[in-house]
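Structure record follows, encoded as structure tokens.
2 protein chains.
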Amino acid sequence: MTPAAPRDCAEASSTPKSRAPVSADIRLLGIATEHLARLGPKRVTVVAVAAEAGMTHANVYRYFPSKDALLDAVAGRWLRDVETRLAGIADAPDPADDKIERLLVALAALQRDALTSEPNLFAVHLDATVAARPIARRHRVRLRSLVERVVEEGITSGIFSARDRERAIAYIFDASYRFTHPLAIQHDADVPHDLIEARFGAVIHAIQRVLRAGVL
Amino acid sequence: MTPAAPRDCAEASSTPKSRAPVSADIRLLGIATEHLARLGPKRVTVVAVAAEAGMTHANVYRYFPSKDALLDAVAGRWLRDVETRLAGIADAPDPADDKIERLLVALAALQRDALTSEPNLFAVHLDATVAARPIARRHRVRLRSLVERVVEEGITSGIFSARDRERAIAYIFDASYRFTHPLAIQHDADVPHDLIEARFGAVIHAIQRVLRAGVL
DNA sequence: AAAATGACAGCTTTCGATTTCTGTCATTGC
DNA sequence: GCAATGACAGAAATCGAAAGCTGTCATTTT
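Top line first, the protein sequences correspond to chains A and B.
According to my numbering, the residues represented by the first sequence are 1 to 216, in order.
According to my numbering, the residues represented by the second sequence are 1001 to 1216, in order.
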């Protein structure tokens, strides 16, 4: 069962260029994504991923420096997708306070969705976050710059009146930590959504008030 | 080394009543506390605790229904101590907004101290919290009532003007989660204290403003 | 009757041996 | 010269057997 011969597979033949225009690293990423979803990070093996890609496991190391780097790359692709969606919110022509709300709500919702629909992917994300691995640090930096943009815009448009932008940004992340940090999201995975949303709503409302009042 | 014969021990002889006025359950609790600190929850054994108390392990089950219950009782004693210190703050004749600040700061500090000086005790506390075991739920209830008292007092004294008390209390816990929840405290165990305190200060300041403004 | 015990079943941990996996490298094929 | 490989060392997972621990209970002790 689960034959190891991918030769006659519909999407890729044994010769790399024949039908699939995807480069080897992207193909490996796709296979690793599927293995991760099915087996979890612990049971994913470089050997099996390589075999499904029709190559020796040694060759995988030409594209990814380690198994962890491969799994982080899988998570990284999802994180990029999350950031893209959030950027859509941050770039919309809405008032800054609305955008902060939508940004935080979306960040929480996307992660909750991942936790339920792709628990293994979420586990890698969580692990990378807790261990502060590069993939997570870079995600944080980009998240921060999204929030920064909105805060900046809020200040110049007069909606927000924070004195210290850095302080304001840190405050936004700290105050919303309860509902946006992967650790917290996993912790109340089985708390009813509407209960969470009600409480998150109160916190967001408070954040907006504080930013408008410029108490930082 | 570490002889297993507690007979000639200075604090307790083989006959329970001779010199030590502590009841058997308290003595077990003390021994378990020391074992936990030294070995960690995983390596504590009911057999060893019983042996040091001069009884058979089966007899321990007369006083504690399970090993986990014994360890939770050890953590529970510490939690009670924390609550007592916090009650001292809540009962002081200070303005309610000051008391909220001192309460939250003390809650964070006591846990950070425990994390460094009694990591195994903290581990049990954290585990009980994440698993929502009775010991942690009861602690949460008592913490909540402390905060409730202060909020109540703030409202009647006119310092706070929250409409919905329940909502205000939930908000306080949610907004301070980043700095008071054991999960978060463990997560940034190695972040410099002064950095944490600066950011916590901003969050507390915001909480006070929100409570005074009565935005909830 | 209350306190404690020995003996026991079942589960978990430990340990050592074996297999599998990760990561490296010299070499081959194109 | 780039892509890929086979072979290898060291680390880690796996497995089965042995040991230890948890929790229960009938019985003994006081």
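Ideal Cβ placement from N, Cα and C applies to all residues, glycine included.
Everything numeric in this text was worked out from a predicted model, so none of it was measured.
C-beta contact flag for residue 183 (chain A) and residue 126 (chain A) at 8 Å: Cβ atoms of residue 183 (chain A) and residue 126 (chain A): closer than 8 Å.
Closest residue to residue 215 (chain A) among A:169, A:194, A:198 (Cα-Cα distance): Residue nearest to residue 215 (chain A) within the set A:169, A:194, A:198 is A:169 (criterion: CA-CA distance).
Residue burial classification, residue 52 (chain A) (beta-carbon count within 10 angstroms, cutoff 16): Answer is buried; the Cβ neighbour count reaches 16.
Proximal residues to residue 23 (chain A) (C-beta, below 6 Å), its chain only, five neighbours per side dropped: Annotation for residue 23 (chain A): no residue places its beta carbon closer than 6 Å to its own, counting only its chain and skipping 5 residues before and after.
Selection from B:1119, B:1154, B:1134, B:1111 that minimises the alpha carbon distance to residue 1091 (chain B): Nearest to residue 1091 (chain B) by C-alpha distance, out of B:1119, B:1154, B:1134, B:1111, is B:1154.
Rounded separation between residue 77 (chain A) and residue 64 (chain A) - CA only: So the two alpha carbons sit approximately 14 Å from each other.
Where residue 180 (chain A) falls, given that 16 or more other Cβ within 10 Å makes a residue buried: Buried: at least 16 other Cβ atoms inside 10 Å.
Span of the alpha helix (DSSP H) around residue 79 (chain A): From DSSP, the alpha helix (DSSP H) with residue 79 (chain A) extends over 67 to 90.
Contact set for residue 41 (chain A): own chain, Cβ-Cβ below 8 Å, skip 5 residues either direction: Hits under 8 Å: 71, 120, 123, 124, 127.
Host alpha helix (DSSP H) of residue 1155 (chain B) (start-end): Following the DSSP letters along the chain, one finds residue 1155 (chain B) inside the alpha helix (DSSP H) bounded by residues 1134 to 1156.
Min CB distance residue 125 (chain A) to chain B below 8 Å: Residue 125 (chain A) has a beta carbon lying at 8 Å or more from every beta carbon in chain B.
Sufficient close CB pairs (3 or more, under 8 Å) joining the region 156 to 174 of chain A to the region 1156 to 1171 of chain B: With the cut-off at 8 Å, the region 156 to 174 of chain A and the region 1156 to 1171 of chain B do not touch.
Proximal residues to residue 1159 (chain B) (C-beta, below 7 Å), its chain only, five neighbours per side dropped: For residue 1159 (chain B), where only same-chain residues beyond five positions count, the Cβ hits under 7 Å are 1095, 1096, 1097, 1212.
Residue 35 (chain A) beta carbon less than 8 Å from that of residue 46 (chain A): At the C-beta level, residue 46 (chain A) and residue 35 (chain A) stay beyond 8 Å of one another.
Buried/exposed call for residue 1054 (chain B), threshold 16 Cβ in 10 Å: Flag for residue 1054 (chain B) reads buried.
Span separating the alpha-carbon of residue 1062 (chain B) from that of residue 1134 (chain B): Cα to Cα, residue 1062 (chain B) sits roughly 20 Å from residue 1134 (chain B).
DSSP three-state assignment for residue 43 (chain A), whether helix, strand or coil: Residue 43 (chain A): coil per DSSP, three-state reduction.
Residue 1057 (chain B) - DSSP class collapsed to helix/strand/coil: If DSSP states are grouped into helix, strand and coil, residue 1057 (chain B) belongs with the helices.
The alpha helix (DSSP H) enclosing residue 1117 (chain B), as first and last residue numbers: For residue 1117 (chain B), the enclosing alpha helix (DSSP H) begins and ends at 1096 to 1117.
Beta-carbon neighbours of residue 1163 (chain B), restricted to chain A and to distances below 7 Å: Those within 7 Å of residue 1163 (chain B) in chain A number zero; the least Cβ separation is about 12 Å.
Check whether residue 101 (chain A) and residue 186 (chain A) have beta carbons under 8 Å apart: Between residue 101 (chain A) and residue 186 (chain A), the C-beta spacing is not below 8 Å.
Extent of the continuous alpha helix (DSSP H) run through residue 1202 (chain B): 1193 to 1213 is the span of the alpha helix (DSSP H), which, as asked, contains residue 1202 (chain B).
Contact set between residue 170 (chain A) and chain B, taken where Cβ atoms lie within less than 8 Å: Listed along chain B, the residues sitting closer than 8 Å to residue 170 (chain A) by beta-carbon distance are 1199, 1202.
Assigned secondary structure, residue 93 (chain A) (DSSP; H/G/I helix, E/B strand, else coil): Assignment of residue 93 (chain A) by DSSP, reduced to helix, strand and coil, places it in the coil class.
Beta carbon of residue 103 (chain A) nearer than 8 Å to that of residue 74 (chain A): Contact flag unset, no.
Beta-carbon neighbours of residue 183 (chain A), restricted to chain B and to distances below 8 Å: Listed along chain B, the residues sitting closer than 8 Å to residue 183 (chain A) by beta-carbon distance are 1183, 1184, 1187.
Element boundaries [alpha helix (DSSP H), containing residue 174 (chain A)]: Run containing residue 174 (chain A): 165 to 180, per the alpha helix (DSSP H) assignment.
Contact with chain B by residue 28 (chain A), beta-carbon distance below 8 Å: By this cut-off, residue 28 (chain A) is not an interface position.
The region 1191 to 1210 of chain B / the region 1141 to 1149 of chain B touching (three or more Cβ pairs under 8 Å): Fewer than three pairs of CB atoms, one per stretch, sit closer than 8 Å, so the region 1191 to 1210 of chain B makes no contact with the region 1141 to 1149 of chain B.
CB contact below 8 Å: residue 1139 (chain B) versus chain A: Not closer than 8 Å to any Cβ of chain A, the Cβ of residue 1139 (chain B) fails to qualify, so no.
Residues, ordered as in the chain, of the region 40 to 64 of chain A that lie near chain B by beta-carbon distance below 9 Å: Cβ contacts with chain B: none found.
Burial state of residue 1108 (chain B), where buried means 16 or more other Cβ atoms lie within 10 Å: For residue 1108 (chain B), the number of other beta carbons within 10 angstroms of its own is at least 16, and it is reported as buried.
Three-state secondary structure assigned by DSSP to residue 1008 (chain B): Note that residue 1008 (chain B) scores 33 on pLDDT, short of 50, meaning its location in the model is unreliable; the coordinates nonetheless yield the value given after this. In this structure, DSSP gives residue 1008 (chain B) a state outside helix and strand, which the three-state scheme calls coil.
Contacting residues, own chain, Cβ-Cβ under 8 Å from residue 32 (chain A) (five flanking each side not counted): Closer than 8 Å at the Cβ level, and outside the excluded window around residue 32 (chain A), lie 44, 49, 70, 71, 73, 74.
Outcome for residue 203 (chain A) when other beta-carbon atoms lying within 10 angstroms are tallied against a minimum of 16: It is buried - the Cβ of residue 203 (chain A) has at least 16 other Cβ atoms within 10 Å.
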